[in-house]
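One structure is given here, and the rest of the page talks about it.
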Amino acid sequence: DDDITNSSTDDDDTSTTDGKGFGESSKKEGSTTSSISDNIYSMPPLYDLAFGYRDYEEEVDFLLDLHDKHHASSSTNDLRILELAAGPARHSLAALATHPPSEVDSVVALDRSKDMVKYGKENADYELGAPGGGRRDDFEYVNGDMRHVDEYTTSSSSSSSSEFDMAWLLLGSMQHLLTNDDIIACLSSVHSVLKSGGTVVIELPHPRETFSMGECTRNGWTVPLVEDADDEEEGGEKEYGQLNIVWGEEGDEFDPVTQVRQFTVGLELKVNNLEDIPKDEETSPLFLQMAEDGRTSVREVVPMRLFTLQEIDALGRCAGFEFVAKYGALMEGVSIEDEDE
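Residues in the sequence shown are numbered from 5 upward in steps of one, following the working numbering.
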């Protein structure tokens, strides 16, 4: 059997999601369609900034160590990696940028959002160089539905094989698959493109959140916008604005039968003075949709499912996986029983 590991993040840490690796579900009687967001994920630079506090290089090292520890295949060299609902593709790009081909051969990212795919490819050009040589040629980004991975990866133009050593489903992305049928379809599809003994890592909010949904609480954080100070005497950096993130609001509805919460998600970018906006190529895309008052905002309600650990084990088994490990975060030394992380 292939292996599945689960990493949970605390409700004070990253109750987060990409949630773009799926298409419309056909609605069956008594079922719910998959969660789809057409607004939050249509602004990739803001989403990227919101989760820029993550240490992608450190997390990738941890992910690769997990495979080395839990895989049941014959080799851990020349890994081919699949990342689902990859968003800006930061984990994929970190794997290629910080590990040689002898360790990470290639990465295929998949996402439903065409905006995210376009943005991820632009990130790849910036981080790995233009196509036509080097590590950029080892990265491919596919626009598709994560419930039918095999339909996209087997037709991949740059991949000589449809088999992957490991797959990543990070940042809570599986929360957007609201029914067991959709989750099993996704995991079964992944199973079909994994090498024998391969691994899957799933990152989700901590299971304690499922059992604390009697009253929904607000979860949010702020990312300051900074640049180098113009005045040499001041030195250091100056803050010229901020991005405020809401990922769950008081009063959000939670259905204990389906375990689906109607998450209020909001991003608001604001600057103190429009003249202070950096004009560099990397920063400028953040401000393309900014109004004259120096603000850009988007807010919507996105249904997302909460899981228990037992469910993940059972759903994985239905798709042919064996549950082998659980962790409290994508880093060493954090136990899932640790309430402080």
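Backbone N, C-alpha and C fix where the C-beta goes; we use that ideal spot for every residue, glycine too.
Should Leu-86 and Val-112 be called a contact, given that it needs their Cβ atoms to be closer than 8 Å?
-> For the purposes of this step, residue 86 is taken as residue 82 along the sequence shown, with counting starting at 1. For the purposes of this step, residue 112 is taken as residue 108 along the sequence shown, with counting starting at 1. Yes, the pair counts as a contact, with Cβ atoms nearer than the cut-off.
Val-402 - containing alpha helix (DSSP H), residue span = Because the chain in this structure spans residues 5 to 345, residue 402 falls outside the shown range and cannot be described.
Contact between the region 264-280 and the region 293-307: three or more CB pairs below 8 Å?
-> yes
Which ranges would you report for the beta strand (DSSP E) in the region 191-224 if only whole runs of at least 3 residues count?
-> 198-209
Return helix, strand or coil for Phe-311, following the three-state DSSP convention.
-> Position 307 of the sequence shown, counting from 1, holds the residue named residue 311. The answer is coil: DSSP assigns Phe-311 none of H, G, I, E or B.
Between Met-170 and Ala-89, is the Cβ-Cβ spacing less than 8 Å?
-> Position 166 of the sequence shown, counted from the first residue, corresponds to residue 170. Position 85 of the sequence shown, counted from the first residue, corresponds to residue 89. Against a cut-off of 8 Å, the Cβ pair of Ala-89 and Met-170 comes out as no contact.
Closest Cα partner of Lys-274 within the set Glu-253, Gly-298, Asp-259, Lys-283 | Taking the sequence shown and counting its residues from 1, the one referred to as residue 274 is at position 270. It is Gly-298 whose Cα lies nearest to the Cα of Lys-274.
Is DSSP giving Arg-347 helix, strand or coil here?
-> No statement about residue 347 is possible, as the shown extent of the chain runs from 5 to 345 and does not include it.
Please check the pair Ala-323 and Leu-191, which I expect to be a contact at CB under 8 Å, by giving their CB distance rounded to whole angstroms.
-> Against the sequence shown, residue 323 aligns to sequence position 319. Against the sequence shown, residue 191 aligns to sequence position 187. So it is a contact: roughly 3 Å between Cβ atoms.
Pro-260 versus Lys-73: straight-line alpha-carbon distance, rounded = Here the question's residue 260 lines up with position 256 in the sequence shown. Here the question's residue 73 lines up with position 69 in the sequence shown. Those two C-alpha atoms are separated by around 36 Å.
Shortest alpha-carbon distance to Lys-242 belongs to which of Leu-182, Asn-276, Asn-127?
-> Sequence index remark: in the sequence shown, residue 242 carries index 238 (1-based). Of the listed residues, the one whose Cα sits closest to Lys-242 is Asn-276.
Out of Lys-199, Leu-313, Tyr-331, state which residue places its alpha-carbon closest to the alpha-carbon of Asp-154.
-> Mapped onto the sequence shown, residue 154 falls at position 150. Per the Cα distances, Lys-199.
Compare the beta carbon distance of Leu-53 and Leu-278 with 8 Å and say whether it is the shorter of the two.
-> Against the sequence shown, residue 53 aligns to sequence position 49. Against the sequence shown, residue 278 aligns to sequence position 274. It is not a contact, given that the beta carbons lie outside the stated cut-off.
Exposure label - Pro-1; buried when at least 16 CB within 10 Å | Any property of residue 1 remains undetermined from this structure, which presents the chain solely from 5 to 345.
Local conformation of Tyr-331 per DSSP, three classes | Here residue 331 is taken as the residue at index 327 of the sequence shown, counted from 1. Tyr-331: strand per DSSP, three-state reduction.
So, Val-204 versus Leu-173, is the Cβ gap smaller than 8 Å?
-> The residue you call residue 204 lines up with position 200 of the sequence shown. The residue you call residue 173 lines up with position 169 of the sequence shown. Going by C-beta atoms, Val-204 is nearer than 8 Å to Leu-173.
State yes or no: is the C-beta of Gly-252 within less than 8 Å of the C-beta of Cys-220?
-> Here residue 252 refers to the residue found at position 248 of the sequence shown. Here residue 220 refers to the residue found at position 216 of the sequence shown. In this structure, Cys-220 lies closer than 8 Å to Gly-252 by Cβ.
Which of the three DSSP states, helix, strand or coil, is assigned to Ser-96?
-> As a working note, residue 96 is residue 92 in the sequence shown. Helix at Ser-96.
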